[in-house]
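In this text, residue positions in the sequence shown follow the working numbering: the first is 3, and each later residue adds one.
C-beta atoms are modelled at their ideal positions from N, C-alpha and C, and glycine is treated no differently.
None of these values were measured; they are calculated from a predicted model.
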Amino acid sequence: MGVRAYYHAPIAQFCAEDGDTVLGILASQHNFALNQMQRNAWIGQTEILQRALAGLSGTVLLECYIPRMGKRADAVVLVGDIVMVLEFKVGHHEHGRDALLQAEDYALDLKDFHEGSHHANLVPIVIATKAASVPFQVPLFAADGVSPPLRANAHDLGGMIRLLARQVSFAPLDQAAWCEGGYKPTPTIVEAAQTLYRTHSVEDIARNDAEENLGATTDSVVAAIELARTTTRKIICFVTGVPGSGKTLAGLNIATRRSEDDPDQNAVFLSGNGPLVDVLREALARDKSTREGISKATASREVRSFIQNIHHFRDEYVGNSDVPVNKVVVFDEAQRAWTRAQASAFMQRKRGQADFDMSEPEFLISVMDRHPDWCVIVCLIGGGQEINTGEAGISEWINALETRFPDWLVHVSPRITLPEYGPNLRVADFLASSRVQQDEHLHLAVSMRSFRAEALSDFIGHVVDGNAEAARAIYDRIRDAYPIQLTRDLAAARAWLRGKARGTQRFGLIASSGAQRLRPLGIHIKAAVDPPNWFLNPATDIRSAYFMEEVASEFDVQGL
């Protein structure tokens, strides 16, 4: 299927098309309510593009997806040897800095993540429809083949495109091959991402016993990957772990280690936890930017090659039979994948997939099952951490394997039978199957958190279970090292936190997403925080947790 877009046609067909027809096609692909602003923008863009492209040959794609990045460019136009990435600002009199950066980012993302763009020359163009004309100058392309963003208005766009086609000449662009190209990160971006992560070693952040446990788990999964590769089999590994044991770190280690050992495997770490993905990417990008003196935008693109949102992965392969470039995928928090009912309702309502009738685990396995030879799925499972309606736990994964994928081998932690991984899970027959191999190393038993935090988790577990005596016994042990305060006075709570924090210890306010009656105290739980700013910014930044003005919910902090 290649690159996806709401509308895709030869330029001649596009220019001959009635504007209402184009609008209807765009609207039919739009999975949200079409507001008047978006409708008018599409009408204006279509009129401008049809005038600008009249008489030219090539290809036009409207609302063109950047593979797996969760972004869409307003338009991509292929004329001659050039890929033009267009960002429209209908009714604007200025080419704003944000718009210029956005267009350039789209072009760079295509260069780095779209197979057809690896060797293409890309020109980002911002069209502020009411802006003054800017004299055209032939752009100076960077070494990667991406030019700085150009500025145009509604009237001079056509002339600019013709001058580009006439004055800029490169190796011929196979437009059909470009359109067929799918997601594939460039080797340079993969290598950069590996180098980026390699500086964050397990030894730097893990307790000694946790480091040993993490190493054994990684080795077991890597052995399973080698088994799959050498025997051309398909294997799924289920890794369990106690709270704070480093399941996410293990997944990142596995993904980067496999890509380092064999770049053709293109291992990727996928998570449906948006805040986790955002914070991980931001933390690594900031570190890379600071250490190497490069822009954060450049560092961010490198990070995105191996840390991605699982929903973007899913959307890339729904409605087609494309084979993913990745041989190894790591699904973080796999217990939070959706049931058949939840996934089907979402895909039908939000993605326009009327015939979708699968659980999320079944669909994700089916995507990897498209590989004709071998592949590996690694599922990181947290016990009792299904926090949203329709999250399936491990049962849907097992059900999919039993009913649809009998040829897949299964490597699993024997702890999968514990009640926190599914109180109603009956897996005895499944575990007894000859294709299932139980491996104790696939359980992360040691918390990487401080010993006092590990005890705090036990304390909270007993409180939730209503076991007062056990909770009191643990509290008596941790009260000095891990103080807990109960108060109804918000000002007193803030003062207490500031007084207890030492050095650069981070503190902040967390509230239940259902705590609407905190509004009289000035806490608006429905006002979303920006997780990277909240978790990472310094104490001098009012958006950081330190200021205790913005409050995070359980959805913002899950996994972090």
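The alpha-carbon of Asn155 is positioned some 28 Å away from that of Ala145.
Taking the C-beta atoms as reference points, Glu65 is found nearer than 7 Å to Arg74. Under the three-state reduction of DSSP, Asp334 is assigned to strand.
Relative to the Cα of Asp491, the nearest Cα in the group Ile525, Ala475, Gly253 belongs to Ile525. DSSP places Met86 in the uninterrupted beta strand (DSSP E) bounded by 84-91.
The Cβ atoms of Gly98 and Leu278 do not sit closer than 7 Å to each other. The beta-bridge partner set that DSSP reports for His10 consists of Leu63. In this structure, Cys381 is the residue among Glu294, Ala287, Cys381, Gln355 with its C-alpha nearest to the C-alpha of Val331. Sequence-distant Cβ neighbours of Ser59 in its own chain, meaning closer than 8 Å and more than five residues away, are Pro12, Ile13, Ala14, Val81. Gly4 counts as buried, since no fewer than 16 other beta carbons sit within 10 angstroms of its beta carbon.
Contact annotation: Asp375 and Thr234 have beta-carbon atoms nearer than 7 Å.
Leu446 sits in a strand when the DSSP states are folded into three classes. DSSP places Ser291 inside the alpha helix (DSSP H), whose first and last residues are 276-294. Gly93 sits exposed, since fewer than 16 C-beta atoms from the chains shown fall within 10 Å of its C-beta. Proximity of the region 271-291 to the region 102-110 falls short of the contact definition, fewer than three beta-carbon pairs being nearer than 8 Å. Distance from the CA atom of Ala503 to the CA atom of Pro540, rounded to whole angstroms, is 14 Å. As computed with DSSP, Ile512 is found in a beta bridge with Ala554.
The beta carbon of Ile418 sits closer than 7 Å to the beta carbons of Phe240, Thr242, Ile396, Val429 from its chain, once the five residues preceding and following it are set aside; these are given in chain order. Between the alpha carbons of Ala336 and Gly57 lies a distance of about 52 Å. If the five residues before and after Pro126 are omitted, its C-beta is found closer than 6 Å to the C-beta atoms of Val87, Ala105, Glu106, Ala109, Pro151, all from its own chain and listed in chain order.
Proximity of the region 357-375 to the region 319-331 meets the contact definition, three or more beta-carbon pairs being nearer than 8 Å.
In the DSSP assignment, Tyr477 is bridged to no other residue. One alpha carbon belongs to Ala226, the other to Ile237, and they sit about 7 Å apart. Within the same chain, Cβ atoms closer than 6 Å to the Cβ of His120 are found at Thr188, the five residues on either side in sequence being excluded. About 6 Å separates the Cβ atoms of Ala447 and Val244, confirming a contact at the 8 Å cut-off.
Counted as a single uninterrupted DSSP element, the alpha helix (DSSP H) harbouring Ile50 occupies residues 38-55. Fully contained in the region 297-327 are the following beta strand (DSSP E) runs of length 3 or more, in chain order: 309-311.
Short of 8 Å from the beta carbon of Ile68, and not among the five residues preceding or following it, lie these beta carbons of its own chain, in chain order: Arg74, Ala75, Tyr108, Asp111, Leu112, Phe115, His116. Distance from the CA atom of Val140 to the CA atom of Asp83, rounded to whole angstroms, is 14 Å.
Arg479 and Gly385 have their alpha carbons spaced roughly 25 Å apart. Annotated three-state conformation of Ala75 is strand, per DSSP. In the DSSP assignment, His116 forms a beta bridge with Tyr185. Sorting Gln310, Ala494, Tyr548, Ala493 by C-alpha distance to the C-alpha of Gln507 places Tyr548 at the top. Separation of the CB atoms of Ile50 and Lys91 is rounded to 11 Å, and the pair is thereby denied contact status at 8 Å. Around Trp498, the same chain offers Gln487, Thr489 as residues with beta carbons nearer than 8 Å, after the five sequence neighbours per side are excluded.
If you look at Phe271, you'll find it in the beta strand (DSSP E) that goes 270-273.
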